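Below is one structure, written out as structure tokens; comments come after it.
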Amino acid sequence: MVFTRHSHLPLLMDYYQRLLQLATSPTSPLLADGIDIHTLQPVHWTYPDGQRVPMSNFASQQNFLRGLTALSTLTQDPGFEQQARHITAYFFNHYVDDASGLFHWGGHRFIHWQNGNIEGPASKECVHELKHHFPFYAFLHQVNPAKTETFLKGFWAAHVSDWEKLDLSRHGEYGQHFDPELFTRHQPQPVVDPALWPALPETVGLTFVNAATDLIYAASHYFHYTQDEHAKRWAKHLYQQFVLARHPQTGMPVYQFSSPLQRQPIPDDDTLTYSWFGDRAKRQFGPEFGEIAREANVLFRDSWPVVVDNPLAILECAKLLDEPQMRQGAIDGITAYFAHAWDETHNQMIPMWNSGEDMTGYTFVRDGYYGDKGTTLARQPTDPAYLLTLIRASLQSEDATLRDLTVRMWKRFGLGELDTTTLHATHVAEQTTLTSAYLLMAILELHAANHDERLLRLADDIAENLLCQHYHAGFFLPGPLHRYVRLDDPLPYALLALEAAHQGMYADIPVMISKGGYLHGERLVGDAIKTVYDHDVIYNQTSAA
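For the sequence shown, the working numbering assigns the number 157 to the initial residue and increments by one for each residue that follows.
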């Protein structure tokens with residue numbers, strides 16, 4: 157049978173060109189973070205006083221930059237990449253803090269799309285924050301090597317408050333000068349001692365995996381550009397703390413490698429959950445669960461950062477650093493997680509402590525950081541996106557446990573059968589109802605390794621599903637009723653990657669490892685002031701909202 161396909165490249169070219177036209181500021185090359193498809197105006201952040209500010213957050217546009225460079229590769233039209241360079245160069249020339257080297261971007265800071273002023277939610281003091289953003293450093297470094305390298309060091313300087321204890325702050329201060337030899341001046345010291353488990357170091361800052369992984373990613377890139385062995389040592393040292401803090405019996409990963417140091421008396425009001433009152437998991441669950449109840453050990457809130465974002469980034473870092481031990485650390489963590497938390501029979505994920513204790517059906521007996529009193533934990537459908545982590549890891553390692561897990565999950569999703577030893581497909585499903593940009597990328601990774609055309613046909617089927625579900629009125633949206641398009645959405649990039657695979661150019665486009673950036677802070681929502689994410693109050697809103 158002869159298979160013919162309809163290329164999506166013309167649609168994607170039109171999409172990127174249209175977003176460039178709609179999102180570009182009338183006063184500068186800056187882009188809006190998103191577009192209201194009804195008014196074709198930029199998305200706004202609404203401050204508690206009602207002021208509406210059009211948003212341009214360069215950290216929330218990195219996947220879009222990847223898309224522009226990939227388009228130039230696929231079309232041989234340099235215009236797309238030139239646009240990306242123009243935007244990036246303008247940003248470098250106007251929005252880099254001279255003292256700290258930090259960029260004016262991230263989770264709590266953005267630029268007024270029209271007048272160019274620096275903005276940010278006052279409740280977060282406009283501090284610097286990256287959490288699993290994984291910027292397009294390769295491109296940023298091409299445009300301005302000096303400012304990119306200064307940022308990579310300044311990022312560490314602003315977010316490491318105590319180098320000996322590895323006390324981290326997810327919030328970095330602008331305007332602070334730093335020692336350019338910081339990686340050399342500081343020497344790694346022991347931090348996490350597995351012999352003391354379940355006790356973990358107590359820190360003033362929060363050593364969240366999402367913030368720490370971006371630091372590891374930055375130091376790995378700094379080493380890649382400069383061959384600074386001290387930066388490499390620090391990247392390895394920070395990641396190693398997460399490995400050392402894992403549960404000694406299960407090997408399951410942790411969300412952080414320390415507990416917040418209690419600095420104020422615990423209030424009677426359980427809804428006050430600031431970290432200076434101490435470990436939030438201990439406070440909310442300690443009376444019922446004992447020593448396992450620590451923030452580090454919670455795997456029932458949101459495991460995506462632990463089993464998708466972090467390992468995908470660490471696998472890239474291991475390649476940049478040429479560190480197989482780091483790669484194996486990522487592999488050990490994800491295999492341990494799925495060995496305990498994946499209910500293969502029902503294809504569900506089990507909420508649990510990293511001890512392996514099943515929390516399914518548990519109802520919270522008090523309010524706290526992890527949810528309101530009365531919240532009941534339930535199992536969730538397994539996300540096919542997990543296959544991107546598993547396949548990328550399996551293609552970099554012959555770890556038998558990992559490959560067996562990958563093969564089983566592939567089969568459980570009805571995608572066919574893979575050989576455990578070679579990962580070659582012995583059978584490939586002709587159709588699927590799955591719609592996941594990350595799954596599409598996973599299939600493309602597998603195809604790049606073995607060139608099985610059946611995999612491309614399966615990828616084409618998923619692409620059609622994605623277009624049917626998410627392409628509406630010429631924009632990629634969560635659904636047909638959603639109103640705001642997000643530039644950093646990874647879905648159109650995944651479709652570009654499919655076109656690259658069909659052209660034999662998949663290896664020539666940037667690697668995608670992030671769902672994109674965000675803005676977080678106080679915002680007027682209805683008549684109330686709430687601390688919210690732009691994903692929730694903008695991009696997930698429908699026309700009726």
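Glycine residues also receive a C-beta, built at the ideal position from the N, C-alpha and C atoms.
Quantities reported herein were computed from a predicted structural model and do not represent experimental measurements.
Query - Opposing strand residues paired with residue 172 [DSSP bridges] - result: One-based indexing of the sequence shown puts residue 172 at position 16. Residue 172 pairs with nothing; no bridge assigned.
Query raised in the report: Among all the DSSP beta bridges, which residues are the ones paired with residue 584?
Result: Position 428 of the sequence shown holds residue 584. Note: residue 584 is bridge-paired with 572 in the DSSP secondary-structure output.
Query - Option nearest residue 620 by Cα separation, candidates 586, 445, 386, 335 - result: By one-based count along the sequence shown, residue 620 stands at place 464. Ranking 586, 445, 386, 335 by Cα distance to residue 620 puts 586 first.
Requested in this report: Would you check if the distance between the CB atom of residue 415 and the CB atom of residue 447 is smaller than 8 angstroms?
Outcome: For the purposes of this step, residue 415 is taken as the residue at position 259 of the sequence shown. For the purposes of this step, residue 447 is taken as the residue at position 291 of the sequence shown. Result no, Cβ atoms of residue 415 and residue 447 do not sit closer than 8 angstroms.
**Report entry** Terminal residues of the beta strand (DSSP E) in which residue 468 lies
**Finding:** Indexing the sequence shown from 1 puts residue 468 at position 312. No beta strand (DSSP E) contains residue 468, which is instead part of the alpha helix (DSSP H) from 466 to 477.
Query raised in the report: Where do the ends of the beta strand (DSSP E) carrying residue 381 lie?
Result: Numbered from 1 along the sequence shown, position 225 holds the residue referred to as residue 381. Unbroken run through residue 381 is the alpha helix (DSSP H), 365 to 382; no beta strand (DSSP E).
**Report entry** Residue burial classification, residue 665 (beta-carbon count within 10 angstroms, cutoff 16)
**Finding:** Taking the first residue of the sequence shown as 1, we reach residue 665 at position 509. With 16 or more other Cβ atoms within 10 Å, it is buried.
Report task. Identify the continuous beta strand (DSSP E) that holds residue 190 and give its terminal residues. Result -> Here residue 190 refers to the residue found at position 34 of the sequence shown. Run containing residue 190: 190 to 192, per the beta strand (DSSP E) assignment.
Query - residue 686, DSSP secondary structure in three states - result: Here residue 686 is taken as the residue at index 530 of the sequence shown, counted from 1. Correct three-state label for residue 686: strand.
Query raised in the report: Pick from 482, 240, 201: whose alpha carbon is nearest that of residue 173?
Result: Along the sequence shown, one-based indexing puts residue 173 at 17. Taking only the C-alpha atoms, the option nearest residue 173 is 240.
Query raised in the report: With 16 other CB atoms within 10 Å as the buried threshold, where does residue 225 fall?
Result: Position 69 of the sequence shown, counted from the first residue, corresponds to residue 225. Residue burial is scored here from C-beta neighbours: residue 225 has at least 16 other C-beta atoms within 10 angstroms and is therefore classed as buried.
Query raised in the report: Which residues in the same chain have their Cβ closer than 8 angstroms to the Cβ of residue 502, if we skip the five residues on either side of it in sequence?
Result: Mapped onto the sequence shown, residue 502 falls at position 346. Cβ contact annotation for residue 502 (same chain, cutoff 8 angstroms, sequence separation greater than five): 535, in chain order.
Requested in this report: Alpha carbon to alpha carbon, how far is residue 374 from residue 656? Give it in angstroms, no decimals.
Outcome: For the purposes of this step, residue 656 is identified with residue 500 of the sequence shown, where counting begins at 1. For the purposes of this step, residue 374 is identified with residue 218 of the sequence shown, where counting begins at 1. Spanning the two alpha carbons is a distance of roughly 27 angstroms.
Requested in this report: Between the Cα of residue 315 and those of 523, 668, 303, 361, spot the shortest distance and give me the residue it belongs to.
Outcome: As a working note, residue 315 is residue 159 in the sequence shown. Ranking the options by Cα distance to residue 315, first place goes to 361.
Report task. Only counting runs of 3 or more residues, tell me where the beta strand (DSSP E) segments fall wholly within the region 571 to 653, in order along the chain. Result -> 572 to 574, 581 to 584, 640 to 642
Query raised in the report: So residue 461 packs on residue 288, CB below 8 angstroms; how close in whole Å?
Result: Walking along the sequence shown from the start, residue 461 turns up at place 305. Walking along the sequence shown from the start, residue 288 turns up at place 132. At roughly 6 angstroms, the Cβ-Cβ gap stays under 8 angstroms, so residue 461 and residue 288 are in contact.
Query raised in the report: For residue 491 versus residue 406, is the C-beta spacing smaller than 8 angstroms?
Result: The residue given as residue 491 occupies position 335 in the sequence shown. The residue given as residue 406 occupies position 250 in the sequence shown. Taking 8 angstroms as the Cβ cut-off, residue 491 and residue 406 do not qualify as a contacting pair.
Query raised in the report: Is residue 214 closer than 8 angstroms to residue 247 when the C-beta atoms are compared?
Result: Your numbering for residue 247 matches position 91 in the sequence shown. Your numbering for residue 214 matches position 58 in the sequence shown. Yes, these two residues count as a Cβ contact at 8 angstroms.
Query raised in the report: Nearest to residue 650 by CA position, among 680, 563, 623, 597, is which residue?
Result: Here residue 650 is taken as the residue at index 494 of the sequence shown, counted from 1. When each option's Cα is compared against that of residue 650, the closest is 597.
Query raised in the report: Taking just the CA atoms, how far does residue 673 sit from residue 663?
Result: For this step, residue 663 is matched to residue 507 along the sequence shown. For this step, residue 673 is matched to residue 517 along the sequence shown. In this structure, the CA atom of residue 663 is about 24 angstroms from the CA atom of residue 673.
Query raised in the report: When you compare only the Cα positions, how much space is there between residue 301 and residue 376?
Result: Position 145 of the sequence shown, counting from 1, holds the residue named residue 301. Position 220 of the sequence shown, counting from 1, holds the residue named residue 376. Going by the C-alpha atoms only, they are around 15 angstroms apart.
Report task. Mark residue 164 as exposed unless 16 or more other C-beta atoms lie within 10 angstroms of its C-beta, in which case mark it buried. Result -> As a first step, residue 164 is located in the sequence shown; it is residue number 8 there, counting from the start. So residue 164 counts as buried.
Report task. Taking residue 258 as the reference, give the member of 608, 283, 484 with the closest Cα. Result -> For the purposes of this step, residue 258 is taken as the residue at position 102 of the sequence shown. For the set 608, 283, 484, the Cα lying nearest the Cα of residue 258 is the one of 283.
Query raised in the report: Assuming residue 469 contacts residue 369 under a Cβ cut-off of 8 angstroms, what Cβ separation, rounded to an integer in Å, is found between them?
Result: Counting from 1 along the sequence shown, the entry for residue 469 is found at position 313. Counting from 1 along the sequence shown, the entry for residue 369 is found at position 213. The Cβ separation is near 5 angstroms, so the contact holds.
Query raised in the report: If you drop the 5 nearest sequence neighbours on each side, which residues of the same chain put their C-beta closer than 7 angstroms to that of residue 589?
Result: Translated into the one-based positions of the sequence shown, residue 589 becomes position 433. These residues qualify, in order along the chain: 621.
Query raised in the report: Looking at C-alpha atoms only, which residue of 494, 545, 553, 453 is the closest neighbour of residue 481?
Result: As a working mapping, residue 481 is identified with position 325 in the sequence shown. Residue 553 is the option with its Cα nearest to residue 481.
Report task. Verify whether the separation of the beta carbon atoms of residue 397 and residue 365 is less than 8 angstroms. Result -> The residue given as residue 397 occupies position 241 in the sequence shown. The residue given as residue 365 occupies position 209 in the sequence shown. No.
Query raised in the report: Does the beta-carbon distance from residue 309 to residue 336 come in below 8 angstroms?
Result: As a first step, residue 309 is located in the sequence shown; it is residue number 153 there, counting from the start. As a first step, residue 336 is located in the sequence shown; it is residue number 180 there, counting from the start. Against a cut-off of 8 angstroms, the Cβ pair of residue 336 and residue 309 comes out as a contact.
Query raised in the report: How long is the line joining the alpha carbons of residue 339 and residue 243, rounded to whole angstroms?
Result: Start at 1 with the first residue of the sequence shown, and residue 339 comes out as number 183. Start at 1 with the first residue of the sequence shown, and residue 243 comes out as number 87. Answer to the nearest angstrom: the Cα atoms are 31 angstroms apart.
**Report entry** Buried or exposed by the 16-neighbour rule on C-beta atoms within 10 Å, applied to residue 325
**Finding:** Residue mapping note: residue 325 aligns to position 169 of the sequence shown, counting from 1. Buried: at least 16 other Cβ atoms inside 10 Å.
Query raised in the report: Identify the residues that DSSP records as bridge partners of residue 514: which are they?
Result: On the sequence shown, residue 514 is found 358 positions in, with the first residue counted as 1. Note: residue 514 sits in a beta bridge opposite 508.
Query raised in the report: Near residue 320, what residues of its chain come up, given a Cβ to Cβ distance below 7 angstroms and the 5 sequence neighbours on each side ignored?
Result: If you number the sequence shown from 1, residue 320 lands on position 164. Around residue 320: 345.
Query raised in the report: Excluding the five sequence neighbours on either side, which residues of its own chain have a C-beta within less than 6 angstroms of the C-beta of residue 581, listed in chain order?
Result: Position 425 of the sequence shown, counted from the first residue, corresponds to residue 581. Same-chain partners within the cutoff: 572, 574, 608.
Query raised in the report: How would you write the range of the beta strand (DSSP E) that residue 680 sits in, first residue to last?
Result: Locating residue 680 in the sequence shown gives position 524, where the first residue counts as 1. Residue 680 -> beta strand (DSSP E) spans 676 to 681.
Query raised in the report: Which residues mark the beginning and the end of the beta strand (DSSP E) in which residue 267 is found?
Result: The sequence position of residue 267 within the sequence shown is 111, counting from 1. Unbroken beta strand (DSSP E) run through residue 267: 266 to 268.
Query raised in the report: Roughly how far, in whole angstroms, is the beta-carbon of residue 660 from the beta-carbon of residue 264, given that I think they are within contact range, below 8 angstroms?
Result: As a working note, residue 660 is residue 504 in the sequence shown. As a working note, residue 264 is residue 108 in the sequence shown. 42 angstroms between Cβ atoms; not a contact.
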